[in-house]
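Worksheet: the structure to be examined is printed underneath.
Chains as they are written, first to last, in my numbering: chain L, 79 to 726; chain C, -14 to 183; chain X, 1399 to 1492; chain G, 141 to 455.
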């Protein structure tokens, strides 16, 4: 029995037991359901083995939504615990686990995959490509992310969650102070997902740089595509740093190395340093695509071209470069002298300049426009003032001398939520609503959408604005409780009320999906928003080859030109199309990765070695495999095209 | 599949061009990866605790042997690609085999060196300096090991299927990988060993 | 046979051996730390450039500009990571 | 219309929240020169940023009020506008000026808070070693040869130099009303300069997450005039027990303990990680040339700070 003790949760609570039962029952229900409806074959053929960028994108988004609710549940529990002084709802340990998983899940398993999902669906369409450069690799990326996320998520029912914060600072995260396997989960699950993300980065850089439609030179790319290109460059150069940092962490915890230890020459600060060398660019990985989404949406619903296209591009390049030279502002208080802090203060504040350029360009895109307040546009418009508030508090935090007072407080928590929620969450919700008809062939209800928008926007401010104040009043972050004499009670209660409002808003989104799936009209055009870029030029639903004829482009808004100026997008005639074959290997390899990760977490070396060999076997299989893809014949294309045209 | 005969085999199809370009991007990521390992090493190089220092451990003969092996292998794989472009399958395979033998030699010396270190009481657990040293060298060594398997697979495929766009593409990408490992080694040679022995 | 050993590559190899020997001088002669570091930096980056241009044919394809941009950006990030880490972890405290 | 209402709601919330506080916010209610400098910086930045926000909001409201579709003719076609060089230069140049201004403020004040507080330079600072262990604070007064746990008495109007380190996870030593925080870490000693102008009781805490007992890792700070302080020291010396290695090791065990007081300091048997005891790589170097400079660690650090001040001024 001793052997199995390691899988027990060290700090069980009724909630965790209930979750175990719930997870078990849900999985059983899913398996039984699929078997009953005889859908295993469909699932395997159409989804698990797919290499189609659109389907992979949808799977990314579904996983991200799932994770949004996981992270959201954590958030509600945190706000509930701190709503009143000396609350006994959760104990310190449980609270620590919750804010740790909240951070990791929201950043790495919600924001990133949501963005990567939209990127998957939209980018190839916007550049007029048939798929991404390496469709098979794309499937590997998704499944690695998915398995990493699942591995991380089982932590709270098998062996215990990580509890050292999403930053996982050493020596707190070392074996001495975090005895459970929680931090092993952190190191290994993020590692697996991170490798997937790195591969995505390579894939999309190649797709965008090499597979654009004829005529679309770099300065004629839609702004979303530009943001994705730059984001993926950041991914490619930042994620290896995380890979190394997590590998060193794993070795410290599992193999007794001395990187971040307190003795034998180790340096705990080095972890913080490496973490933020990756961590700060990571912030821009989730923000820049959001900027791209807003650029598309604001220009679409202001019915105008994007103002200052060139300066929008230049500012994003500037932001991406600056994002690599500011990381030390996360630890001004670590004791490096005034000189180092001064340098990093200045580089950090410099980011405000290109970001300001973007804000003003968006505002001037509205100028002389004809603004239509659809749900995606509402999110985009709400983003501008709220994000400005987040941005200016960022400048305040950048000032090292003052940061000594903000650091580690609720002020900081308020700041990054003011940046990340309007920046990323609003953007993915806007993008999700905006591209939904392209993905599924019907619109989400505008009415329910507006309700959820107002709930989310107002509740967001109610939740997070009070934190600026409690922060200045000395409330440190990550405190699971406080005494009544501190006076933090009322404002924390207000935050809790806001959190409930946010939960209602998100629940309304789910209801909207349900309602619209049942009742929304299927009879929509290919271009329901009267939009401007190429993804709206193809049919809804999108045929697997995207475009029967590769479009030709000669401006930033070729599709708009084709509607307004009679520009001819699709010249030439239909030819047979080369498409990649589906493959089960990415899924199988990722499953082996899951097993490998699980074995590593619990130090089960034999299984880990076998799994490692299995992974290499999959790679060797790929090396020897002869897969030339397949062709879709002209007749088949024409048949599909006629059917899709007839549907309208 | 459209084959463009005006280009060398490895570039002759669109898919091949995508793969070569993609691999260059991957090498960009590898630069960042090794840079992080170097940064870690430089920070921890004086964190020797009670363990031995680099000055004590590093030896010139093994270092030079490793360097010569790897530099020469980088040269021979270049010749292999040159032979491939000339269409000489036999010469290409010979150069590839020589490359892998040299790589194996490098790996042998590295393993010998690691065993020596451990005999002197310098394990990966002894001090932060040694942890970072073993990790940096080990990551490079693991890349070489992976390369040996990869190269072998490519030799087998070229043998079996001949020089076709697909195999030529694989061989070329492998050569990029191998040269890159040589570049990394040069930095290890200079800033780990030579600086450590100064 | 001559075709199999193109002049450029043979010269490149010879040059890289010479650079290795030059680098070795830092442990043979008693140089100042500054001098030695300069020698190491120069020889290492020359070797790297040699591999990149001579053996890896970085400039031969249509993607020349993208490949060089990629390498330069990688170099930028590498230098920032290494020197920035030194700055925050070591030099900042002295 | 809805947006107007939303804005009003937000404003209303902010107003309620702000008036809800009876006392001024701790960080903005400084009781020492360092915290005062920081509070000034915060206020400068808030006003500067308020200006930026105002500009954005005014433009924003103007745009969405004036150019909404409901106010346009049905056949209105928005024009194609590439952008404007002049405007774009304006919104690059003005932010650069603002950032430059804030940079100057930052560099100047960062140097200030990293040095002995202004007006206190002549006095010999009181050195207190503040070390963290899960989840308490140990204060050693080498000058007075006493040690306290979880509470801190300091004289007013005298510069204090805290030497921070940790017997475990990274902790952050923070007394909001006296000045900003700094990390206490296990392998090196950080120096934090503070001073109290006004006698009183202040809250101090670890603000860096350090495990399950982190929320309660607080300490009380009592600032008092020198005379009272001296009296307190004498009292401790007369009444308190000496600290022994055994007792101290017991204190280090994870958990919460109340306040306690000892004569002697733990520095005698468990020295701080500075000088030859530093665990950090750059100090723990085996190079013989470095050991000399470590002895004069203090002086080099100070001269470095002066140096950096100059270089930043030139900047």
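Using N, Cα and C, we set each Cβ at its ideal position, and we do this for glycine too. Just so we're clear, the structure is a prediction, and the values are computed from it rather than from any experiment.
Whether residue i touches residue j by CB criterion (9 Å)
{"i": "residue 505/L", "j": "residue 589/L", "result": "no"}
{"i": "residue 576/L", "j": "residue 157/L", "result": "yes"}
{"i": "residue 416/L", "j": "residue 478/L", "result": "yes"}
{"i": "residue 152/L", "j": "residue 131/L", "result": "no"}
{"i": "residue 312/G", "j": "residue 485/L", "result": "yes"}
{"i": "residue 605/L", "j": "residue 614/L", "result": "yes"}
{"i": "residue 618/L", "j": "residue 192/L", "result": "no"}
{"i": "residue 258/L", "j": "residue 241/L", "result": "yes"}
{"i": "residue 88/L", "j": "residue 238/L", "result": "yes"}
{"i": "residue 304/G", "j": "residue 280/G", "result": "no"}
{"i": "residue 295/G", "j": "residue 365/G", "result": "yes"}
{"i": "residue 161/L", "j": "residue 584/L", "result": "no"}
{"i": "residue 1461/X", "j": "residue 446/L", "result": "no"}
{"i": "residue 277/L", "j": "residue 218/L", "result": "yes"}
{"i": "residue 380/L", "j": "residue 464/L", "result": "no"}
Sheet register partners of residue i (DSSP bridge)
{"i": "residue 358/G", "result": "345/G"}
{"i": "residue 279/G", "result": "270/G, 288/G"}
{"i": "residue 295/G", "result": "364/G"}
{"i": "residue 319/G", "result": "315/G"}
{"i": "residue 325/G", "result": "328/G"}
{"i": "residue 303/G", "result": "269/G, 331/G"}
{"i": "residue 340/G", "result": "363/G"}
{"i": "residue 308/L", "result": "According to DSSP, residue 308/L bridges with nothing at all."}
{"i": "residue 708/L", "result": "657/L"}
{"i": "residue 208/G", "result": "449/L"}
Exposure label - residue i; buried when at least 16 CB within 10 Å
{"i": "residue 1401/X", "result": "exposed"}
{"i": "residue 171/G", "result": "buried"}
{"i": "residue 454/L", "result": "buried"}
{"i": "residue 431/G", "result": "Only weak support is given to the placement of residue 431/G: the predicted model assigns it a pLDDT of 37, under 50, and the value that follows is read from those uncertain coordinates. Under this definition residue 431/G is an exposed residue."}
{"i": "residue 81/L", "result": "exposed"}
{"i": "residue 538/L", "result": "buried"}
{"i": "residue 421/G", "result": "Confidence at residue 421/G is low in this model, with a pLDDT of 43, below 50, so the placement of that residue is unreliable and no value is reported for it."}
Secondary structure of residue i, DSSP reduced to three states
{"i": "residue 331/G", "result": "strand"}
{"i": "residue 311/G", "result": "strand"}
{"i": "residue 723/L", "result": "helix"}
{"i": "residue 410/L", "result": "helix"}
{"i": "residue 123/L", "result": "helix"}
{"i": "residue 423/G", "result": "Since pLDDT at residue 423/G reaches only 39, below the 50 mark, its modelled position is unreliable, and no value is offered."}
{"i": "residue 400/G", "result": "strand"}
{"i": "residue 84/L", "result": "coil"}
{"i": "residue 92/C", "result": "helix"}
{"i": "residue 344/L", "result": "coil"}
{"i": "residue 728/L", "result": "The first residue shown for chain L is 79 and the last is 726, placing residue 728/L beyond what the model contains."}
{"i": "residue 197/G", "result": "helix"}
{"i": "residue 1482/X", "result": "helix"}
{"i": "residue 381/G", "result": "strand"}
{"i": "residue 184/C", "result": "For chain C, the structure presents residues -14 to 183; residue 184/C sits outside this window and is missing."}
{"i": "residue 479/L", "result": "helix"}
{"i": "residue 554/L", "result": "strand"}
{"i": "residue 1405/X", "result": "helix"}
**Q.** Complete runs of the beta strand (DSSP E) confined to the region 591 to 657 of chain L [at least 3 residues]
**A.** 655 to 657
**Q.** Contained beta strand (DSSP E) runs [length at least 3] in the region 135 to 204 of chain L, N- to C-terminal order
**A.** none
(Q) Which runs of the beta strand (DSSP E) at least 3 residues long sit entirely within the region 79 to 135 of chain C? Give them in chain order. (A) none
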